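Beneath this line is the structure, given in structure tokens, with notes to follow.
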Amino acid sequence: MSTTAVRRATATDAVRHRLDWRRYVIYIGFVVVFAFFAVLLRDEGFLSPNNLLNIFRQTATITVIAVGMTFVIACAQIDLSVGSVAGLASVCAAMAIAQHGVVVGVLAGLLVGAVIGALNGALVSLLGIPSFLVTLGMLGVAAGLAQWITASAPQPILDDTFNLVFGGGDVGPVPGLLVWSLLFVAAGSIVLRRTRFGRQVLATGGNRTAARFTGVSTRRITFTVMLLSGLVASVAGMLYAGRLESGRFQWGAGDELSAIAAVILGGTSLFGGAGSVVGTLTGALLIGLINNGLILAGLDSSQQQVVRGVIIILAVALARKK
Amino acid sequence: MPGAARADDGTATQVRGGEPAVLMSGIRKSFGGVPVLRGVDFDLARGEVHALAGGNGAGKSTLMKVLQGVHPADEGTIAVDGRRVEISSIHDARAAGIGMVFQEFSLVPSLTVAQNIFLGAEPLRRSRLIDDRAAVAAAGAVLEEMGVDVDPRAVVGDLSTAYRQLTEIAKALAQDARVLIMDEPTASLARQESEALFALIRRLAARGIAVVYISHRMEEVYRIADRITVLRDGTRLLTRPLSEITPEQIVEGIVGKALDGQPVHRQVDGAGLGAVLLQAHAVHAPPKVRDVSFTLHAGEVIGLAGLMGSGRSELARALFGIDEVTSGEISVRGRRADLSSPRKAIAAGLALIPEDRREQGLVLEHSVADNLLLPVLGELRRGPLLHARRARERSADLIRRFAVKVADPARPVSLLSGGNQQKVVLAKWMGTDPDVLILDEPTAGIDIGTKNEIVTMIRTLAAAGKGVIVISSEYPELLAVSDRVLIIRDGTIAGEYSREQIADEEFLELAVQGATS
Ligand SMILES: Nc1ncnc2c1ncn2[C@@H]1O[C@H](COP(=O)(O)OP(=O)(O)OP(=O)(O)O)[C@@H](O)[C@H]1O
Ligand SMILES: [Mg+2]
């Protein structure tokens, strides 16, 4: 079989293995930034356990939203409505708790996310309207509704169980919010990497025609992904509500941008087809880390914005292929 | 009516006996009111290799996509193993045991070879989670049977077109289909890989699997197929055992007029060589290309022959500034040229028509006319505006010369048949009038009538004082078009023959395999 030998010799190098340090740039970046702050802000208590837990607490909701966003972006879609869905879910949950108790309240919050997610999904997958436009519109609708039904007033939550479960409480030494975000990251990571659904999300995002030719129902996948994103955002809204013991239309405002930044930093392709939930977690933590460090360093919020923006652009530029 | 065999049909029932594996009757299909299939009958016997031929846009792929459930038929019936089946989705087709190698591939670039091969049918653990290790092992076994050495964990986007083609074939094989449709599976394969594929197809047929084989290469059809069906303009022209039909008859059926089956070898006039156009000296472009030196004259066509992965395409990419040249010198018209980017290469008068044309050569969502005119917009300006009439004339001219089958040039190029998309890319770049034209597999997927036309056009370009480099795995064409053939092996020039030195295809074949040097 001399021909086979020839084929073997020439075939292996047809695969251009590229050295993939870029894939890990987010982890490297995380370590570098962490070390940098640890040295620089030693005296401001950056390394104190309390401060570190604080970073987790502050990034938990973004992380949860970003897990859903990872699926959306890996599917080559975008969801700009997540922040205002979180806000609307928080006020609906708060109002329902006041009227009918905690169980109805939680269900009401989830229902908000499911309904808006399903609407987004139907408009994108059935009518073929670009998700950017659909969710941009929905961002306004949800934010407006939340403000309207509450007349812009905060809705206090007096139910201790709710406040404890959704963000306020601790599990032993670990803040409940940390548990929530790790739960979502673990579930999201397994679903994306190890289930047929996750594989089909990547296939739909990577090459829609190919996925269709393979028998993947790309419409159903797109719909499901948008639905999940809304649902996950509503959980994030309730985490806001529990931690801050009230529902408010402002909760989550602007979170869509942080979540997208976390996802892209984490190495998920903006063009779809590839994604990593663990990367997303690292991206969210990196953003949290930067926020925290800059506050401790005494920068005011306008300066923080500038530095944060520069770091994000830098990280994405480094992670870019070729 | 269906099943009632006409005498000249050589229907499956007569050939093998028993129920046909597939019987399609009266299939009609239109896209947006344009009829593509006008009542086609097609039958397929168990264990048969059935060739499907026809010009670009004749409806071959569409007929098979009807069978595969991608495009459900508007009218007509399908029976599998004698039983009527309703095929309205890909799942129906899979359930009926039908699998397909798609002309345009059904691969997701961001996933690995193994993930692509088992997409939608991943092996699961008891926990319902994907068993990636089992998938890699199973994919390895399929590739092994094909005699291909690709790492199942390689990302498809990193593979060359030929390896993607092999992955696409492996994907269909892994389904264990009883009816296997192959839509131009060898379009981007070199000889060796095609040979291995033919051997595999024969083994499958011997096992009773029915194979539909779509190809524009006549010699392949005669080598492996039992019967042939020719489509023209969405109707079936004939179905016949290959033992009862000559290549000339088939070509006449496809083209609609008598024509030589193979491109004709043009006598080369050595006196026509002009000044040196392009000179490469000791060019290295890692990881593939090493120590390449050659000279291209005005009026000359150089053919590059080599095995898959020998570095032909990589050499073209290096010359055109896509891959970095780390050492060596390239000069254009005697002057040292900086070809470090495609833009600089174009400015120096080079043009490259790449191998994966669909991806690299077209804006799929734009119209045929827009794609054709993109490189020459500058010439068609009137003040700041586009000269509409001249633009229309120019695109109409290109469409006619390259016989692009298109209902309306304003329709998106993505709706054209595979071969017609190839023609658009060729027409687009050949319309730009470069000094040095590099063509990577210019006739892959192009129908017989147009193949000859392209060979003629390349010769015409050369006669007009251009220099052309042609990479092709189709030896008849390479011989018809080249004045000189360079043998590429392991990234370097392993041999050089003038056209007169090459007696026939066998000679070239041996030279490529390194048996003569
Ligand atoms: N999805 C579609 N929408 C509109 N028109 C289409 C579509 N698919 C195919 N067509 C048209 O149908 C005709 C037949 O196309 P088909 O792909 O079946 O040709 P083919 O015989 O496979 O040609 P080739 O040899 O180039 O692959 C072409 O004119 C093409 O433009
Ligand atoms: Mg076709």
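So the protein lines, in turn, are chains A and B. Counted from 1, the first sequence has number 158 at position 158 by my numbering; the numbering is strictly sequential. Numbering-wise, my numbering comes out as the position in the second sequence, counting from 1, plus 1000. Backbone N, C-alpha and C fix where the C-beta goes; we use that ideal spot for every residue, glycine too. On a predicted model such as this, the values are computed, not experimentally measured, just so you know.
Would you identify the three-state DSSP class for residue i, choosing helix, strand or coil?
| i | result |
| --- | --- |
| H1050 of chain B | strand |
| K1428 of chain B | helix |
| K1288 of chain B | coil |
| E1075 of chain B | strand |
| M1308 of chain B | coil |
| R1411 of chain B | coil |
| D1233 of chain B | coil |
| G1270 of chain B | Summary for G1270 of chain B: the model assigns pLDDT 49, below 50, so the residue's position carries little reliability, and this model does not support an answer. |
| I1214 of chain B | strand |
| F197 of chain A | helix |
| V32 of chain A | helix |
| S1088 of chain B | coil |
| I127 of chain A | The residue asked about is misnamed: residue 127 of chain A is Leu in this sequence, not Ile. DSSP places L127 of chain A in coil when its eight states are reduced to three. |
| G247 of chain A | strand |
| S81 of chain A | coil |
| L178 of chain A | helix |
| T1239 of chain B | strand |
Can you list, in chain order, the residues of its chain with a C-beta nearer than 7 Å to that of residue i? Leave out the 5 residues immediately preceding and following it.
| i | result |
| --- | --- |
| A1345 of chain B | F1320, G1321 and L1339 |
Verify the CB distance criterion: does residue i have a CB-CB separation below 8 Å to chain A?
| i | result |
| --- | --- |
| E1019 of chain B | no |
| L1111 of chain B | yes |
| I1130 of chain B | yes |
| I1090 of chain B | yes |
| V1332 of chain B | no |
| V1108 of chain B | yes |
| D1105 of chain B | Inspection of the sequence shows that residue 1105 of chain B is occupied by Phe rather than by Asp. At least one chain A Cβ lies under 8 Å of F1105 of chain B. |
| R1094 of chain B | yes |
| G1120 of chain B | yes |
| L1461 of chain B | no |
| L1422 of chain B | One point to set straight first is that residue 1422 of chain B is Gln, not Leu, in the sequence displayed. It does not: the Cβ of Q1422 of chain B has no partner Cβ on chain A nearer than 8 Å. |
| Q1115 of chain B | yes |
Please list, in chain order, all residues of the same chain as residue i whose beta carbon is under 6 Å from its beta carbon, the five residues on each side excluded.
| i | result |
| --- | --- |
| A1058 of chain B | L1231 and R1232 |
| D1092 of chain B | G1069 |
| R1484 of chain B | I1302 and S1498 |
| P1185 of chain B | V1101 and I1169 |
| P156 of chain A | S246 |
| N51 of chain A | G45 |
Please tell me whether, using a cut-off of 7 Å, the distance from the CB of residue i to the nearest non-hydrogen atom of ligand 2 is below it.
| i | result |
| --- | --- |
| S1327 of chain B | no |
| G1419 of chain B | yes |
| K1065 of chain B | no |
| Q147 of chain A | no |
| Q304 of chain A | no |
| S1061 of chain B | yes |
| Q1103 of chain B | yes |
| D1183 of chain B | yes |
Give the single residue among the options whose Cα lies nearest to the Cα of residue i.
| i | options | result |
| --- | --- | --- |
| G188 of chain A | A:P49, A:V67 and A:A315 | A:V67 |
| E1441 of chain B | B:I1117, B:R1203 and B:A1187 | B:A1187 |
| T1235 of chain B | B:F1507, B:I1027, B:M1457 and B:P1409 | B:I1027 |
| M238 of chain A | A:V277, A:T161 and A:L289 | A:T161 |
| T1167 of chain B | B:V1156, B:S1310 and B:I1487 | B:V1156 |
| A1199 of chain B | B:S1395, B:G1147, B:L1479 and B:D1183 | B:G1147 |
| S217 of chain A | A:Y24, A:L88, A:T204 and A:A146 | A:T204 |
| A1154 of chain B | B:S1110, B:A1275 and B:P1123 | B:S1110 |
| T135 of chain A | A:G215, A:Q147, A:I287 and A:L257 | A:L257 |
Between residue i and chain B, is any beta-carbon pair separated by less than 8 Å?
| i | result |
| --- | --- |
| F213 of chain A | yes |
| N207 of chain A | yes |
| Q77 of chain A | no |
| G188 of chain A | no |
| R199 of chain A | yes |
| G172 of chain A | no |
| L202 of chain A | yes |
Can residue i be considered in contact with ligand 1, in the sense that its beta carbon sits closer than 7 Å to one or more heavy atoms?
| i | result |
| --- | --- |
| D1447 of chain B | yes |
| N1056 of chain B | yes |
| F56 of chain A | no |
| L1416 of chain B | yes |
Near residue i, which residues of its chain fall below 8 Å by C-beta distance, leaving aside the five closest residues on each side in sequence?
| i | result |
| --- | --- |
| R1207 of chain B | G1047 |
| L314 of chain A | none |
| S1327 of chain B | A1282, V1283 and H1284 |
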